[in-house]
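Below: one structure, written as structure tokens.
Protein chains: 4
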Amino acid sequence: MEGSGERLVLNVGGVRYETYHSTLRAFPGTRLYQLTEPPMGGTLAREVFFDRSPHLFGYVLGYYRTRQLHCPPDICRAVLEEELAFWGLADAPLAPCCWLKLSGGDGRAEDFHAWEESELGEEQGLLGPIESPNSTRAQGTWKPWLWTLLNQPCSSLAGKCAALLSMLFLLGVLVIFFQETSVQLDYFTSNFRPLEPWDGEKEGLPPPQAPSPGLVYQRAPHLLYLELLCVLWFGAELLARSISCPNKVKFLRSPMTLVDLASLFPVLVELAVGRRAERHPRLCLVLGALRVLYVLKLGRLLGLVEKPLALRVLAHTLRSSWREAGLLLLLWAGEILLFGSLFLYGELLGTGHGQGQSEVHFADILTCFWWTVITLTTVGYGDIYPMSALGQVTAAITAMAGMLTSVLLVPILLVRFQRCYAVALARQKLRPSGTL
Amino acid sequence: MEGSGERLVLNVGGVRYETYHSTLRAFPGTRLYQLTEPPMGGTLAREVFFDRSPHLFGYVLGYYRTRQLHCPPDICRAVLEEELAFWGLADAPLAPCCWLKLSGGDGRAEDFHAWEESELGEEQGLLGPIESPNSTRAQGTWKPWLWTLLNQPCSSLAGKCAALLSMLFLLGVLVIFFQETSVQLDYFTSNFRPLEPWDGEKEGLPPPQAPSPGLVYQRAPHLLYLELLCVLWFGAELLARSISCPNKVKFLRSPMTLVDLASLFPVLVELAVGRRAERHPRLCLVLGALRVLYVLKLGRLLGLVEKPLALRVLAHTLRSSWREAGLLLLLWAGEILLFGSLFLYGELLGTGHGQGQSEVHFADILTCFWWTVITLTTVGYGDIYPMSALGQVTAAITAMAGMLTSVLLVPILLVRFQRCYAVALARQKLRPSGTL
Amino acid sequence: MEGSGERLVLNVGGVRYETYHSTLRAFPGTRLYQLTEPPMGGTLAREVFFDRSPHLFGYVLGYYRTRQLHCPPDICRAVLEEELAFWGLADAPLAPCCWLKLSGGDGRAEDFHAWEESELGEEQGLLGPIESPNSTRAQGTWKPWLWTLLNQPCSSLAGKCAALLSMLFLLGVLVIFFQETSVQLDYFTSNFRPLEPWDGEKEGLPPPQAPSPGLVYQRAPHLLYLELLCVLWFGAELLARSISCPNKVKFLRSPMTLVDLASLFPVLVELAVGRRAERHPRLCLVLGALRVLYVLKLGRLLGLVEKPLALRVLAHTLRSSWREAGLLLLLWAGEILLFGSLFLYGELLGTGHGQGQSEVHFADILTCFWWTVITLTTVGYGDIYPMSALGQVTAAITAMAGMLTSVLLVPILLVRFQRCYAVALARQKLRPSGTL
Amino acid sequence: MEGSGERLVLNVGGVRYETYHSTLRAFPGTRLYQLTEPPMGGTLAREVFFDRSPHLFGYVLGYYRTRQLHCPPDICRAVLEEELAFWGLADAPLAPCCWLKLSGGDGRAEDFHAWEESELGEEQGLLGPIESPNSTRAQGTWKPWLWTLLNQPCSSLAGKCAALLSMLFLLGVLVIFFQETSVQLDYFTSNFRPLEPWDGEKEGLPPPQAPSPGLVYQRAPHLLYLELLCVLWFGAELLARSISCPNKVKFLRSPMTLVDLASLFPVLVELAVGRRAERHPRLCLVLGALRVLYVLKLGRLLGLVEKPLALRVLAHTLRSSWREAGLLLLLWAGEILLFGSLFLYGELLGTGHGQGQSEVHFADILTCFWWTVITLTTVGYGDIYPMSALGQVTAAITAMAGMLTSVLLVPILLVRFQRCYAVALARQKLRPSGTL
């Protein structure tokens with residue numbers, strides 16, 4: 001006997017929910033609606049059993065009662081989806097006030113994945129898939145040994161020695177490099193006006209003598225040979241690394257390998273060109289500038305230090321937000337073009353031209369762009385600053401825009417960092433298999 | 001038989017709650033109170049059934065027991081309201097310790113709405129409501145086609161070509177513009193003292209020669225005609241856009257349209273005035289300044305790039321917090337007036353006037369305001385700085401106030417960004433209909 | 001028959017929990033323990049009923065089972081306390097992993113209170129308790145009317161007119177003030193060396209002529225009388241305000257009243273002293289400096305604007321964190337003393353004294369402190385900068401310390417702002433009585 | 001009779017869950033699986049009772065149904081672990097969408113511990129374990145009394161007097177110190193070129209006269225004796241402190257003790273050397289620089305003030321993140337080396353060497369590093385700035401990198417501060433025993 005006021009007991013996983021038949025008739029076609037239709041020639045059961053979670057069924061029944069689908073806080077999306085599909089409610093719209101509950105604890109699977117991949121890439125470097133002992137036996141076991149020696153120096157005494165030696169050579173080459181800059185600086189500054197403190201000028205110093213014509217740029221040869229020694233060591237290290245690396249393609253694409261490779265050249269070129277280089281000081285300068293790569297090699301040392309979690313997360317955040325960074329750089333470039341042009345015309349319109357009493361501080365629009373960068377970053381050297389009221393208004397707006405732009409970076413970085421830090425902390429506390 | 005110690009079973013959606021009659025008599029007039037009053041000539045039921053959510057009823061019963069209405073964490077406001085209304089408790093005050101639970105997951109409906117509207121506005125631009133195919137057939141189908149071509153260049157090959165052409169013309173006109181600034185700068189700086197490095201002054205340079213009287217400002221005519229060509233293309237594009245736009249009013253009000261329109265003028269005016277312009281260099285300067293609009297047109301290119309979610313949220317946050325921004329600007333203006341005046345009097349009182357040994361760096365109060373802006377934003381060019389102790393104290397306070405003011409921006413921006421980002425992430429994971 | 005394996009049914013608010021007698025014997029002396037002790041000459045009941053929340057009882061029973069007291073997330077502290085007290089577990093220690101759950105939604109009552117008080121203070125100002133119509137009838141109804149007129153100008157047309165008039169007078173007095181600064185600046189700068197651009201110096205300008213001895217500082221008298229007019233209006237307004245104010249003590253203590261009062265004096269003193277003032281220019285300067293109070297009066301205008309929620313919360317946050325601000329200022333002062341002294345000795349030790357080739361940029365230690373402020377706030381005018389390597393190291397450390405100090409402000413401000421904003425948002429959504 | 005469709009009632013703590021035998025056979029070997037295996041010669045029970053939490057069992061049963069282990073939000077890790085172990089599911093992997101739920105309220109035990117230790121360390125200082133009255137009776141009770149007197153001055157009148165006296169002596173020694181700097185500055189600056197304002201130079205001032213040869217650096221002797229008096233007091237205080245301190249080792253290692261000790265020396269050395277010091281002005285300078293320690297002693301005063309919670313948390317955060325700080329400093333150092341070198345070569349390559357029209361602002365690479373620090377921190381004094389386009393590009397990149405680096409500090413500091421602040425707030429609301 002079917003009656004709209006008839007009560008029906010739904011035993012869901014042991015919990016007995018009771019409701020009216022009329023309530024279940026809210027959504028035709030669903031599994032619960034079918035309970036209210038008597039089978040051919042039969043009668044309706046007074047109690048039906050379902051082997052489902054009793055907790056979520058309360059929300060499903062609430063949907064029949066109020067026609068609004070809510071969900072418990074921090075419910076896993078997959079769980080809710082499966083439950084709704086079972087009850088035939090897969091296309092029931094979730095009430096907007098519950099949209100945020102769903103995203104809270106969920107959707108982080110890809111975050112966990114990205115983080116684990118980043119950690120693996122960081123830790124194992126270019127190791128590639130761990131090879132089974134059988135496959136490596138054929139090709140000799142010295143390659144993995146060498147690779148470990150060079151990349152995980154803390155694992156053996158030989159590794160520590162090699163790392164120490166590398167560090168010493170690196171320090172040596174840096175000292176030689178800084179020494180050279182001093183020699184080069186002396187040579188090049190004696191060719192144009194020497195640097196003087198401000199006040200020296202008024203006391204009638206003799207004009208800086210022209211460099212004697214025969215004077216050529218002369219490096220101490222022993223320094224060059226010392227540098228060559230260091231570079232040869234680096235070359236040998238790079239060779240050992242490239243031979244022992246299990247994943248050659250990834251290794252060659254790594255930016256650090258390019259830096260290693262490029263840093264071998266300057267001293268070789270200088271030796272190849274030999275004495276003639278000294279007659280082409282500009283070449284020496286370019287070779288010197290290339291030696292800045294030695295400084296970049298310091299980054300490898302930083303890679304050997306064990307970094308705390310917060311910094312690994314920060315690095316991961318920065319790496320994963322390169323698209324935002326790119327667009328913000330574009331925004332910055334637009335601001336520079338805009339404010340630079342405005343500043344130029346502001347100054348030109350503002351200064352009373354032809355009256356000889358004021359002047360502008362720049363000679364072309366590129367200098368204006370330079371000024372804009374320095375103002376936007378609030379560095380404000382003071383080499384260029386507006387002289388006219390109109391220019392000052394432009395500059396004030398530029399300075400404020402600069403402050404705002406720098407503040408804009410904070411929320412994006414922070415929100416991503418917070419998410420990633422929570423993920424990394426949670427991962428750290430579980431075993432790799434995901435067990436507690 | 002009614003007794004105060006009598007127990008009553010409340011079957012709420014299948015869950016049997018039991019309580020004493022005396023407990024339910026706490027709030028007269030409510031639905032549960034009425035259960036304890038025997039109907040005319042009848043007896044009280046020992047068990048009553050309600051087809052409501054059993055979960056929330058626990059909190060309702062707790063209200064009768066403890067006279068404090070608590071609620072589960074992250075409960076949806078609408079659900080709680082409906083439940084309380086059913087039990088006749090609509091005006092029961094929520095305990096203060098639960099006020100925050102309610103706002104956690106709720107009240108975001110308007111946030112979701114604002115975000116969806118902002119996304120629509122961004123994506124469909126001035127498209128207006130999507131017209132049904134029938135209505136557009138009458139007025140021709142080329143208008144939507146043209147609109148799509150111009151605004152969604154990635155959708156077709158012709159669109160890509162048109163976008164590429166536009167970009168080339170824009171780059172061309174920018175190159176011409178930067179070229180012009182150089183010519184103008186040369187002309188105007190040769191009328192007043194030419195820009196020189198600091199140290200050139202002491203070596204007895206000849207005084208800058210006065211510009212020859214007949215010298216007029218002369219632009220290369222071919223550049224002008226090239227610019228005209230570019231501008232004609234922009235004009236044609238704007239015309240095509242304005243004809244094909246489905247929502248004319250919104251289109252005309254858009255700031256980008258105004259920029260497009262205004263950027264057509266400078267070259268036309270210059271051509272109209274012709275040779276006479278060269279005798280009124282100030283007019284040329286104003287026309288040049290107007291050409292800064294070309295730079296603003298670059299913003300349209302930025303609009304074509306697909307932006308990542310974080311940046312769209314950031315833009316939405318900035319747009320929706322214009323009131324806060326306005327009041328903070330007012331605060332800034334007040335600070336500038338205040339510290340500028342203080343600085344002026346600080347310097348005047350601090351320097352020993354009449355003793356010829358110190359001086360101030362400014363000639364009027366406007367320069368003081370300029371100094372205040374540069375100090376508040378921590379740019380600090382150094383063109384003006386305090387010379388007296390009193391002025392230095394003022395400046396120190398100003399600099400600290402500037403740092404504090406810049407820090408004030410962070411929390412407002414951040415809190416709004418976080419809310420909006422959570423909303424946007426949640427929305428992104430649901431289908432437009434709100435289904436999972 | 002009592003047996004340790006005997007099961008007992010605990011009917012808590014309708015939910016039947018079952019457990020062993022031995023479990024309940026974990027904590028002697030508690031209410032549940034007593035259930036396991038047979039009464040004098042009686043037998044133990046197999047089912048006991050308690051009219052309590054069944055939800056929390058699960059955690060209480062869990063405490064008997066595992067001897068660790070956990071609690072559900074976001075539980076209200078008061079609810080938990082009452083429940084524990086009922087079961088005789090008031091001094092049961094909460095497991096540390098649940099300490100944070102408790103503080104999440106709770107303990108905000110005082111936050112709500114502080115926020116509501118701050119809002120009342122802001123909105124009703126010095127209104128004090130709203131007086132009943134009866135009590136005000138005796139003392140006349142014009143006082144509240146006048147008070148409302150002056151403090152809530154949007155409520156009536158007369159109020160709007162008065163506010164507009166006040167604003168006009170304020171603008172007028174500001175214009176006069178800025179006019180005066182220009183006159184004073186001219187007078188005082190002509191007494192010492194006039195301000196010149198850098199390059200004017202080399203072209204043999206005549207030395208600045210000494211001011212003619214008879215020249216006295218002369219203000220335009222009509223400006224003085226105009227200013228007097230404005231100030232008389234302000235005086236009248238202040239008088240009306242002080243008469244109509246319901247809470248005189250609070251009114252007189254308000255800083256805005258002090259500003260209003262003090263801003264009346266300068267023009268009166270100047271008129272009283274009359275012509276003699278012009279022979280004592282320093283007095284005029286002090287009177288001028290006092291007029292900066294006119295700028296502060298602009299703050300009253302800001303008070304009339306309706307502020308958005310985020311800014312009200314920000315103001316409340318700043319007001320409520322004055323203790324943190326004070327200690328950070330102390331920290332700052334310490335840094336200034338420390339780095340200033342270090343810089344002085346760094347420079348003195350670093351420069352080769354007696355060799356005439358370098359010099360220091362400061363004449364006393366106060367100037368060093370000034371330099372430290374400008375470096376810590378990263379303003380960096382460049383009027384003073386280190387000349388020696390030792391001084392440069394000090395300066396580098398100072399600059400880094402400055403950046404760190406400014407970053408320290410962010411978290412304190414942010415965490416407090418976030419808490420207060422959540423509270424304010426939640427409060428805004430409830431009716432004043434706390435009902436939904 | 002065992003049937004796969006047979007239903008089984010699991011009475012878990014009173015809540016009756018029902019499920020099919022087939023569901024429980026999902027994970028062989030677990031406790032629930034064994035229920036489906038009939039014991040030797042017996043039959044399966046239709047209902048089984050377990051004295052466990054019914055709430056969590058729902059999730060356990062869900063694992064059998066869906067083969068995915070979810071957990072309720074904000075569950076305590078220990079509770080979940082114990083429950084899983086009971087059901088024989090200790091190595092069941094948690095679904096990734098629940099990983100974050102677990103970390104939310106849990107794992108904070110160590111945070112609480114770290115915070116409590118930090119608070120103890122702060123409050124009790126070097127008190128060590130509180131000694132029982134018996135053990136102290138033997139060694140006299142005056143030591144604890146003296147220690148309390150000196151370290152908790154607010155606890156007694158004598159303590160307040162001693163603290164006041166200390167503060168006065170400290171102020172006195174600071175005044176003397178600042179006085180001395182002025183004397184030293186006068187002496188040393190008269191030996192090289194005296195400091196002059198910029199514009200004094202052009203008016204033909206006489207060259208600064210050489211210091212008269214017999215002039216020696218002469219301090220006022222009475223100042224020296226006054227300083228000696230103050231220092232003797234500090235020495236006596238340090239002695240009293242070191243005698244009364246219960247934990248000598250910790251006391252000697254404290255940095256504040258070192259400062260106290262070192263600050264005794266300068267005046268003693270100066271007295272010991274006597275008149276000869278005046279012939280070795282450099283020694284005086286070094287002794288003067290050592291006196292900066294007096295400023296550091298001010299920190300002790302700060303320690304006596306009661307600090308609000310937010311600042312204590314901030315200090316704890318800074319102390320506990322020294323590893324992150326160290327690595328960020330390393331990053332900063334790398335940036336300085338890199339950008340400094342780039343700037344040097346940028347300037348050298350950019351300036352047209354040999355053409356005498358431009359110059360560089362630096363004489364060695366150390367000056368370049370100095371410039372880099374000042375640009376990275378956005379101080380920007382303007383003593384050194386790029387003159388060439390290439391150098392300007394380097395500088396622009398440096399300035400932007402500086403802004404980014406400063407922004408990087410915010411998220412790390414903030415996330416740690418937020419965690420620690422929540423912990424500290426929660427702890428503050430509980431009694432030391434962990435009771436409510």
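Residue numbers (full-length UniProt numbering), protein chains in the order written: chain A, 1 to 436; chain B, 1 to 436; chain C, 1 to 436; chain D, 1 to 436.
Idealized CB from N, CA, C, for every residue including glycine.
For clarity, every value in this text was computed on a predicted model and none was experimentally measured.
Cutoff 8 Å: residue i Cβ touching any chain D Cβ
| i | result |
| --- | --- |
| Gly350/B | no |
| Gly235/B | no |
| Pro207/B | Confidence in Pro207/B is poor, its pLDDT being 44 and thus under 50, which makes the residue's placement unreliable; the coordinate value appears in the next sentence. No, Pro207/B lies away from the interface with chain D (no Cβ there is under 8 Å from its Cβ). |
Chain B contact for residue i (CB, 8 Å cutoff)
| i | result |
| --- | --- |
| Leu318/A | no |
Beta-carbon proximity check, residue i vs residue j, cutoff 8 Å
| i | j | result |
| --- | --- | --- |
| Leu348/A | Phe112/B | no |
| Thr378/C | Thr372/B | no |
| Gly340/C | Ile365/C | yes |
| Leu239/A | Ala426/B | no |
| Lys297/C | Ser254/C | no |
| Trp233/C | Phe169/C | yes |
| Thr398/D | Phe343/D | yes |
| Leu376/C | Leu314/D | no |
| Asp74/D | Pro153/C | no |
Status (buried if at least 16 other CB within 10 Å, exposed otherwise) for residue i
| i | result |
| --- | --- |
| Ile412/C | buried |
| Asp186/C | exposed |
| Gln34/C | exposed |
Residues near residue i in its chain [Cβ-Cβ closer than 6 Å; skip 5 each side]
| i | result |
| --- | --- |
| Leu56/D | Glu83 |
| Leu293/C | Val259, Ala262, Ser263 |
Chain A within 8 Å of residue i, Cβ atoms only
| i | result |
| --- | --- |
| Arg193/C | Bear in mind that a pLDDT of 43 at Arg193/C, under 50, signals an unreliable position, so the number given afterwards is only what the model happens to contain. Not one chain A Cβ lies under 8 Å of Arg193/C. |
| Gly380/C | yes |
Chain C within 8 Å of residue i, Cβ atoms only
| i | result |
| --- | --- |
| Glu81/D | no |
| Met403/B | yes |
| Val295/D | yes |
Cβ neighbours of residue i in the same chain (closer than 7 Å, five flanking residues each side left out)
| i | result |
| --- | --- |
| Ile176/C | Leu223, Leu226, Glu227 |
| Ile374/B | Gly380, Tyr381 |
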